[in-house]
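Undergrad: Mind looking over this structure? Questions follow.
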Amino acid sequence: MESLNLARWQFGITTVYHYFFVPITIGLSLVVALMQTFWMRSRNPEWLRLTKFFGKLFTINFILGLATGIVQEFQFGMNWSDYSRFVGDIFGAPLAIEALLAFFLESTFLGLWIFGWGRINEKVHLGAIWLVHIGTVLSAFFILAANSFMQNPVGYTNNPVTGRAELTDFVAVLTNKVQLVAFPHVIAAAWMSGGAFVLGIALWLMWRSQTPEGDLGMYRRSARLGAIILLLGGVAVTISGDLQSRVMTQVQPMKMAAAEALYDTSPEGKGASFSIISVGTPDGQHETWAIRVPKLLSFLSTGTLDGRVEGINDLQAEYELAFSGNALTEAANYRPIIPVTYWTFRWMIGTGMAAMAIGAFALWALRGDVRRLTSKRWLWTSLAVILLPLLANSFGWIFTEMGRQPWLVFGVITTKMGVSPGVSAWEVAASLGTFTLLYGALAVVEVGLILRYGRTGAEPAPPPESLDPSERDDDEPFVFSY
């Protein structure tokens, strides 16, 4: 296997792995901030216990996400140096702001929040966790601004002398039409993941026979909050996803056509259907059986039931004519891998809707006596509701990035032109093997820590006076358990 394919596999694997942590970090920071706000307003000790309990799990996830995210930056110089050289002037601004502003904001105030219990003013302490959440959202915004440039390049000029893309309008990059729909979609999906995580952990603790009966009401409280955030996030994902599909059709029509494996353009006024499931020939160009929803693809693409949707074959011919003769943009095939785009698009929607269904069912079941939530189905429900939004996020990103192929920056530079020319296949394979072993070990650490601290549940509420900074010794050591 050549270095290009190995470099793509490495970036894809490490990115998907890293993104398991990102949505939980963003979503859980919101949930923890809400829990602490509820405690500040009500002085109910159960909210304090839940704040510290889920705050501990949030911290574990944040640290593992940080460790895996560092690798992403290095790969631009390791395996994609030609791409970094070409687009460095564009990526430099948003990624520098993300590191210097957003990441420092969230990491600094997370440290203040972890070690500030009983040491700083309560309102300042509450503000710290809200600033952590704001920091995670800002990080997502600036990283998505860079990614949106890859989907729809704006605010730049291509310098033929230096062979580099040069930034001309930073505001245009930040207000890219792709960015404006992708950002709320990603944040809403992260809220779904955070809510689902809280719901799943709470259901699991209620299911365990070792959980004290007096704590069942507390975990029910957190489960209901998690379910509500999951459902509200799901509604926001649905609305923003609908808007995103229309923008995607405008800027990357090939990706939308590939999502349906639509080879022939649907004529104006007829409307293109959307297949829930399809069986076709091995080359994917001819359908043998399918379950279809009439005109749905046209609605997703154009907002109208009879809108025209361009097909893969027509777009391939159009791109061959438009991009031939340019070393940076010429490719034999401008089609992405159709089975990957087709199925990841459906798995993204299916797993997300399944998570919402479980959230709605759990919210309905939690309205009564929680002591009846003892059947084994609740164990599997708690595991499924945690995993489903994470899978939906991963499928969504795989669709987004694989559907853009063969482009690194759509219409500007192909993927094969961005790989590092001096890196051999065995060198990429060696680093890929190293990362696989390292990430496998980190997965064991993450799951082990979550199980260890999650199994114990929320610790008993401390005496009220222990939270008063005036009652604490300045030399008292910092501890993970606050």
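Residue numbers in the sequence shown follow full-length UniProt numbering, run continuously in steps of one, and reach 482 at the last position. Where a beta carbon is used, it is the ideal one built from N, C-alpha and C, also for glycine. Model, not experiment: these values are computed from the prediction.
1) Please list the segments of the beta strand (DSSP E) lying wholly inside the region 269-341, counting only runs of 3 or more residues, in order along the chain.
2) Am I right that Leu199 and Gly226 are in contact with their C-beta atoms under 8 Å? What's the rounded C-beta distance?
3) Taking the alpha-carbon positions, what's the Glu318 to Pro267 distance?
4) Please check the pair Leu100 and Val132, which I expect to be a contact at CB under 8 Å, by giving their CB distance rounded to whole angstroms.
5) Rounded to a whole number of angstroms, what is the C-alpha to C-alpha distance between Tyr83 and Met417?
6) Can you give the Cα-Cα distance for Asn44 and Phe115, rounded to whole angstroms?
7) With H, G and I counted as helix, E and B as strand and the rest as coil, what does DSSP make of Ser266?
8) As a quick exercise: from Ala355, Arg164, Ile143, Glu310, pick the residue whose alpha carbon is nearest that of Ala257.
9) Taking the alpha-carbon positions, what's the Glu459 to Ala189 distance?
10) With DSSP collapsed to three states, give me the class of Thr51.
11) So if DSSP puts Leu390 in a beta bridge, which residue, or which two residues, is it bridged to?
12) Using the beta-carbon count (16 or more within 10 Å), is Glu73 buried or exposed?
13) When DSSP builds the beta bridges, which residues end up paired with Thr414?
14) What whole-angstrom Cβ distance do Ile24 and Gly194 have, given they're in contact under 8 Å?
15) Excluding sequence positions up to five away, which residues of its chain have a Cβ less than 7 Å from the Cβ of Ala182?
16) Please confirm whether Thr341 and Ala259 have their CB atoms less than 9 Å apart.
17) Let me confirm a value: Thr421 is counted as buried when at least 16 other C-beta atoms fall within 10 Å, else exposed. Which label applies?
18) Got a sec? Which residues, its chain only, sit under 7 Å from Met348 by beta carbon, not counting five neighbours each side?
19) Under the assumption that Met192 contacts Pro389 (Cβ atoms under 8 Å), give the Cβ distance between them as a whole number of angstroms.
20) To the nearest whole angstrom, what separates the beta carbons of Leu297 and Phe274, a pair I think is in contact under 8 Å?
21) If we count Cβ pairs, one from each stretch, closer than 8 Å, do we get three or more for the region 119-139 versus the region 168-177?
22) Spatial neighbours of Tyr334 within its chain, please: C-beta separation below 6 Å, excluding the five flanking residues on both sides.
23) Sorted by chain position, which residues of the same chain lie with C-beta nearer than 7 Å to Arg246's C-beta, five sequence neighbours on each side aside?
24) Return the CA-CA distance between Ala364 and Gly433, expressed in angstroms with no decimal places.
25) What would DSSP say about Ala458, mapped onto helix, strand or coil?
26) For Ile97, which residues from the same chain have a beta carbon less than 6 Å from its beta carbon, with the 5 sequence-adjacent residues on both sides left out?
27) Taking the beta strand (DSSP E) that Ile166 belongs to, which residues open and close that run?
28) Out of Gly325, Val385, Val186, Arg292, state which residue places its alpha-carbon closest to the alpha-carbon of Arg346.
29) Quick check: what's the CA-CA separation for Lys56 versus Gly368?
30) With which residues is Asn158 paired in a DSSP beta bridge?
31) Report buried or exposed for Arg49, applying the criterion of at least 16 other Cβ atoms within 10 angstroms of its Cβ.
32) Do you know whose CA, among Glu46, Ala430, Gln10, lies nearest Gly214's CA?
33) Shorter than 8 Å, the distance from the beta carbon of Lys295 to the closest heavy atom of the ligand SAM, or not?
34) Whose C-beta lies closer than 8 Å to the C-beta of Val412 among residues of the same chain, with five residues either side of it excluded?
35) Is it right to say Gln252 is buried, meaning 16 or more other beta carbons lie within 10 angstroms of its own, or is it exposed?
TA: According to the data block:
1) Entirely contained in the region 269-341, the beta strand (DSSP E) runs reaching 3 residues are, in chain order, 274-280, 287-293.
2) Distance from Leu199 to Gly226 at the Cβ level is roughly 3 Å; contact confirmed, criterion being Cβ atoms closer than 8 Å.
3) For Glu318 and Pro267, the distance between alpha carbons rounds to 17 Å.
4) By a beta-carbon distance limit of 8 Å, Leu100 does not contact Val132. Their separation comes to about 17 Å.
5) In this model, Tyr83 and Met417 are separated by some 7 Å (Cα to Cα).
6) The alpha-carbon atoms of Asn44 and Phe115 are separated by roughly 22 Å.
7) Collapsing the DSSP output to three states places Ser266 in a strand.
8) If we check each option's Cα against that of Ala257, Glu310 comes out closest.
9) Answer to the nearest angstrom: the Cα atoms are 30 Å apart.
10) Here Thr51 sits in helix by DSSP.
11) Answer is none; Leu390 lacks a bridge partner.
12) Here Glu73 is exposed, its C-beta having fewer than 16 other C-beta atoms within 10 Å.
13) Note: Thr414 is bridge-paired with Trp407 in the DSSP secondary-structure output.
14) Right, the Cβ-Cβ distance comes to about 6 Å (below 8 Å), so this counts as a contact.
15) Excluding residues up to 5 positions away in sequence, Leu144, Ser148, Gln244 lie with their Cβ nearer than 7 Å to the Cβ of Ala182 in the same chain.
16) Yes. Within cutoff.
17) First, the residue type needs correcting, since residue 421 is Pro and not Thr in the sequence shown. Pro421 is exposed by the Cβ-count criterion.
18) Ala392, Phe395, Gly396, Phe399.
19) With 8 Å as the limit, Met192 and Pro389 qualify as a contact, their Cβ atoms being about 5 Å apart.
20) Between the beta-carbon of Leu297 and that of Phe274 there is about 4 Å, and that keeps the pair under the 8 Å contact cut.
21) No, because fewer than three Cβ pairs between the region 119-139 and the region 168-177 fall closer than 8 Å, the two stretches do not touch.
22) Here the set comprises Gln316, Tyr319.
23) Cβ within range, chain order: Ser301, Thr302, Gly303.
24) The sequence as given places Trp at residue 364; Ala does not occur at that position. When rounded, the separation of the alpha-carbon atoms in Trp364 and Gly433 is 46 Å.
25) In the three-state scheme derived from DSSP, where H, G and I count as helix and E and B as strand, Ala458 is classed as coil.
26) These residues qualify, in order along the chain: Phe142.
27) According to the sequence provided, residue 166 is Glu. The question's Ile does not apply to it. Element bounds for Glu166: 164-167.
28) Nearest to Arg346 by C-alpha distance, out of Gly325, Val385, Val186, Arg292, is Arg292.
29) Rounded to the nearest whole angstrom, the CA to CA distance from Lys56 to Gly368 is 29 Å.
30) Paired residue(s): Ala165.
31) By the 10 Å Cβ count, Arg49 comes out buried.
32) The shortest C-alpha separation from Gly214 is found at Glu46.
33) No copy of the ligand SAM appears in this structure; indeed no ligand is present at all.
34) Excluding five sequence positions before and after Val412, the CB atoms of its chain that fall closer than 8 Å to its own CB belong to Pro153, Asn158, Ala165, Leu328, Thr329, given in chain order.
35) That one is buried.
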